[in-house]
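Have a look at the structure below before the remarks.
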Amino acid sequence: MLLDELALTADTVASTRSRLAKVDALAELLRRLEPDEIAPAVGLLVGKPRQGRVGVGWRGVAAADGAPADGPTITVGELDAALDRLAGASGAGSSSERARELRELIGRATEREQGFIARALLGEMRTGALEGVLTDAIARAAERPGEVVRRAAMLSGDLGETARLALTGSEAELAAVGLVVGRPVLPMLAATASSAAAAIETTGEASVEFKLDGARIQVHRSGDDVRVFTRNLADVTHRLPEVVEVVRQLPVHDVILDGETLSLDEAGVPRPFQETMSRFGADAARETLLHPWFFDVLHVDGRDLLDEPLATRLAELERIAPEYRIPGEVTDDPDLAERVSREALAAGQEGVVVKAIGSPYAAGRRGSSWIKVKPVHTYDLVVLACEWGSGRRTGWLSNLHLGALDPTGEFGEPGGYVMVGKTFKGLTDELLRWQTERFPQIETRRTANTVWVEPIIVVEIAIDGVQRSSRYPGGIALRFARVKRYRDDKLAGDADTIQTLRALLRE
């Protein structure tokens, strides 16, 4: 298939707000792809090429800009091969090699294709063809049950491969996709409530557990082979040897664990989140010792537990790792839930997560079975732009434009971000320096006062609430917003939604 057809479909999808129309257009495209084009095409449509990061940023794309070709000649396969070469360039002269490869590719592309390639490389495929819409399109094109396709995608962590299997394999092969020890799965996510008591009203009997101020990890063990993954499914095994050693000592042969890791000071109080996250960097020092705690188990010695109730999974966790369980209580009493919440805060943790005791593990899903409760309103939002400071902050990028995820397109583009406010409060000189260096690297455009950036940076914001506002498209504005920290362990797709923020109006 010509790349132009992919680009044209992306434009068609971007031009409509109708989810049904998006699904129809994408399904029609998917049906016409050759088997070896399916996975590359899916990755390109969601702005996540099969190769991952290929070493090309906005500066490289801008430098390769040239006159467009008169007509389309590039195929999906040729673009995929070019991305392979870009990703594979390494060592002395690799930057020049990437620049040459990119210039040749852009030189062969039409104007529409040039824009599509740039958006795919920079993760700016703002078509609404995010995983949810595309998953529905895969099910439509393959004539497979949507739930079977979604489960396969969640358990494999690979939407492109799921699409290939759905379109070229049998329904039985698709349904057979399951947990594989060593292959990470998308983590189950939590909704938000204002109090533990309110959460209990939604879940009924629940496990009320400390919400640690740490980094989420998923640990796989098969025999002596242990692998540790982040919430974004990145393999960080070699950076967390102490976690590996703990899991190697557990009385199991095969296991998949979900949990958190963080650093404690000499008194057992959690160290700042940044100290924990420093261990995940490429050049991390080992002075900061990390401790693992686990709150769920998905597989034990040949037995998948995803569809078992939480009560069963917790019993297994207690059997195999009692010393490493996150503290909590099983209850349906709002007063007891509030007491656990106070104990978590007194221990220096973020709050609690309230989990329905009968719920299965819904990989990759955010529902009402898990509900997180923090003592103040804190939300993960996406930086959309940043304004230059004045006075003492002259010369620094300061005032952040903040956006909430709009997964349904209720207030704009499905899968896009709705601006909900601005803030410069809580920014230290260190953060100001970091912003001023980092944001121009992901700049998309600018005016004299403002730099707009790719919506990929997640920042945790504390607020006192929201108020009605006609200034922003979501109809709300943040009240007394201040920066708590940047969340480099989260993707933009993990941000809190505009619907979650709007629910504060009712509260």
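In this text, residue positions in the sequence shown follow this note's numbering: the first is 116, and each later residue adds one.
Cβ atoms here follow ideal geometry from the backbone N, Cα and C, with glycine treated the same way.
If you're wondering where the values come from, they're calculated on a predicted model, not measured in any experiment.
> Along the chain, where does the alpha helix (DSSP H) that runs through K537 open and close?
Replying inline: Working through the sequence shown from its first residue, we reach residue 537 at position 422. No alpha helix (DSSP H) holds K537; the beta strand (DSSP E) holding it covers G531 to T538.
> In this structure, does DSSP put F410 in helix, strand or coil?
Replying inline: In the sequence shown, residue 410 corresponds to position 295, counting from 1. Per DSSP, reduced to three states, the secondary structure at F410 is strand.
>> Could you give the first and the last residue of the continuous beta strand (DSSP E) run that contains S378?
In response: Here residue 378 refers to the residue found at position 263 of the sequence shown. Bounds of any beta strand (DSSP E) do not take in S378, whose DSSP letter is neither H nor E.
>> Quick check on the DSSP output: the beta strand (DSSP E) that includes R331 runs from which residue to which?
In response: In the sequence shown, residue 331 corresponds to position 216, counting from 1. Taken as a continuous stretch (DSSP letters only), the beta strand (DSSP E) holding R331 covers A330 to S337.
> Which residues in the same chain have their Cβ closer than 6 Å to the Cβ of L377, if we skip the five residues on either side of it in sequence?
Replying inline: The sequence position of residue 377 within the sequence shown is 262, counting from 1. So the qualifying residues of the chain are L327, G329, P385 and T391.
> Would you call the segment 453 to 471 and the segment 314 to 325 in contact, with 3 or more CB pairs under 8 Å?
Replying inline: yes
>> Check for me: the beta strand (DSSP E) holding T307 runs from which residue to which?
In response: For this step, residue 307 is matched to residue 192 along the sequence shown. It spans L304 to A308 - the beta strand (DSSP E) in which T307 sits, taken as one unbroken run.
>> Buried or exposed for Q582, going by 16 or more other Cβ atoms inside 10 Å?
In response: For the purposes of this step, residue 582 is taken as residue 467 along the sequence shown, with counting starting at 1. When all chains shown are included, Q582 counts as exposed.
>> Helix, strand or coil, according to DSSP, for T124 in the structure here?
In response: Along the sequence shown, one-based indexing puts residue 124 at 9. Residue state, collapsed to three classes: helix.
>> Which runs of the beta strand (DSSP E) at least 3 residues long sit entirely within the segment 423 to 480? Give them in chain order.
In response: 443 to 446 and 466 to 471
> Which word fits S456, buried or exposed, when buried means at least 16 other C-beta atoms lie within 10 angstroms of its C-beta?
Replying inline: In the sequence shown, counting from the first residue as 1, residue 456 sits at position 341. Flag for S456 reads buried.
>> Applying the 10 Å Cβ sphere with the 16-neighbour rule, what's the burial state of H93?
In response: The chain is shown only over 116 to 622; residue 93 falls outside these bounds and no answer can be derived.
> Ordered along the chain, which non-local residues of its own chain (more than five positions away) have a Cβ less than 6 Å from that of V169?
Replying inline: What you label residue 169 is simply residue 54 of the sequence shown in a count that begins at 1. Same-chain partners within the cutoff: L198, L201 and A202.
>> Relative to the C-alpha of D273, which candidate in G479, V535, Y601 and I557 has its C-alpha closest?
In response: On the sequence shown, position 158 is the one that residue 273 refers to. Closest by alpha carbon: G479.
> Alpha carbon to alpha carbon, what distance is there between K489 and S310?
Replying inline: In the sequence shown, residue 310 corresponds to position 195, counting from 1. In the sequence shown, residue 489 corresponds to position 374, counting from 1. Whole-angstrom Cα-Cα distance: 7 Å.
>> DSSP has D369 in a bridge; who is on the other side?
In response: Numbered from 1 along the sequence shown, position 254 holds the residue referred to as residue 369. S337, per the DSSP bridge assignment.
> Can you give the Cα-Cα distance for V497 and P155, rounded to whole angstroms?
Replying inline: Translated into the one-based positions of the sequence shown, residue 497 becomes position 382. Translated into the one-based positions of the sequence shown, residue 155 becomes position 40. Straight-line Cα distance between these residues: approximately 27 Å.
> Secondary structure at K605, three-state DSSP: helix, strand or coil?
Replying inline: In the sequence shown, the residue the question calls residue 605 occupies position 490. Of the three classes helix, strand and coil, the one that applies to K605 here is coil, per DSSP.
>> Which of the three DSSP states is assigned to T183 in this structure?
In response: Looking up residue 183 in the sequence shown gives position 68. Before going on, a small fix: residue 183 reads as Pro here, not Thr. P183: coil per DSSP, three-state reduction.
> To which residues of the same chain is E193 closer than 8 Å at the C-beta, ignoring the five residues directly before and after it?
Replying inline: The residue given as residue 193 occupies position 78 in the sequence shown. So the list reads L118, once near-sequence residues are dropped.
> Count the other CB atoms within 10 Å of the CB of R586; is the residue buried (16 or more) or exposed (fewer)?
Replying inline: Start at 1 with the first residue of the sequence shown, and residue 586 comes out as number 471. Answer is exposed; the Cβ neighbour count stays below 16.
> Quick one: is K137 buried, meaning 16 or more other Cβ sit within 10 Å of its Cβ, or exposed?
Replying inline: In the sequence shown, residue 137 corresponds to position 22, counting from 1. When all chains shown are included, K137 counts as buried.
>> I'd like the span of the alpha helix (DSSP H) that includes F231, first residue to last.
In response: Along the sequence shown, one-based indexing puts residue 231 at 116. From DSSP, the alpha helix (DSSP H) with F231 extends over E226 to L237.
>> Contact defined as beta carbons within less than 8 Å: I believe L432 pairs with V412. What is the distance between those atoms, to the nearest angstrom?
In response: Translated into positions along the sequence shown, residue 432 becomes position 317. Translated into positions along the sequence shown, residue 412 becomes position 297. About 5 Å; that satisfies the 8 Å criterion.
>> For Q556, count the other beta carbons within 10 Å of its own beta carbon; 16 or more makes it buried, fewer makes it exposed. Which is it?
In response: Against the sequence shown, residue 556 aligns to sequence position 441. So Q556 ends up on the exposed side.
>> For E558, tell me which candidate among A177, G206 and E375 has the shortest Cα-Cα distance.
In response: The sequence position of residue 558 within the sequence shown is 443, counting from 1. Answer by Cα proximity: A177.
> Quick one: Cα of T216 to Cα of L405, how far?
Replying inline: The residue you call residue 216 lines up with position 101 of the sequence shown. The residue you call residue 405 lines up with position 290 of the sequence shown. Strictly speaking, residue 216 in this sequence is Glu, with Thr absent from that position. E216 and L405: Cα-Cα distance of roughly 42 Å.
> Under the three-state reduction of DSSP, which class applies to A256: helix, strand or coil?
Replying inline: Translated into the one-based positions of the sequence shown, residue 256 becomes position 141. Residue state, collapsed to three classes: helix.
> Counting Cβ pairs, one atom from each stretch, are 3 or more of them under 8 Å apart for the segment 514 to 531 and the segment 128 to 143?
Replying inline: yes
> Does DSSP classify D611 as helix, strand or coil?
Replying inline: As a working note, residue 611 is residue 496 in the sequence shown. Coil, per DSSP.
> Where do the N-terminal and C-terminal ends of the alpha helix (DSSP H) with R132 fall, by residue?
Replying inline: Taking the first residue of the sequence shown as position 1, residue 132 is located at position 17. No alpha helix (DSSP H) holds R132; DSSP gives it neither H nor E.
>> By alpha-carbon positions, which one of V415, T317 and Y439 ends up nearest to R428?
In response: Locating residue 428 in the sequence shown gives position 313, counting from the first residue. Measuring from the Cα of R428, the nearest candidate turns out to be V415.
>> Per DSSP, what are the beta-bridge partners of K326 in this structure?
In response: If you number the sequence shown from 1, residue 326 lands on position 211. The partner list for K326 (beta bridge, DSSP) reads G466.
> Can you tell which of Y476, V533, A462 and P442 has its C-alpha closest to the C-alpha of E423?
Replying inline: Taking the sequence shown and counting its residues from 1, one reaches residue 423 at position 308. Of Y476, V533, A462 and P442, the residue nearest in Cα terms is Y476.
>> By alpha-carbon positions, which one of L425, L546, T317 and V191 ends up nearest to D151?
In response: Residue numbering aside, residue 151 sits at position 36 when the sequence shown is read from its first letter. Out of L425, L546, T317 and V191, V191 has the C-alpha closest to the C-alpha of D151.
>> My output table needs one value for G482: the three-state DSSP class, helix, strand or coil.
In response: By 1-based counting over the sequence shown, the position of residue 482 is 367. Strand, per DSSP.
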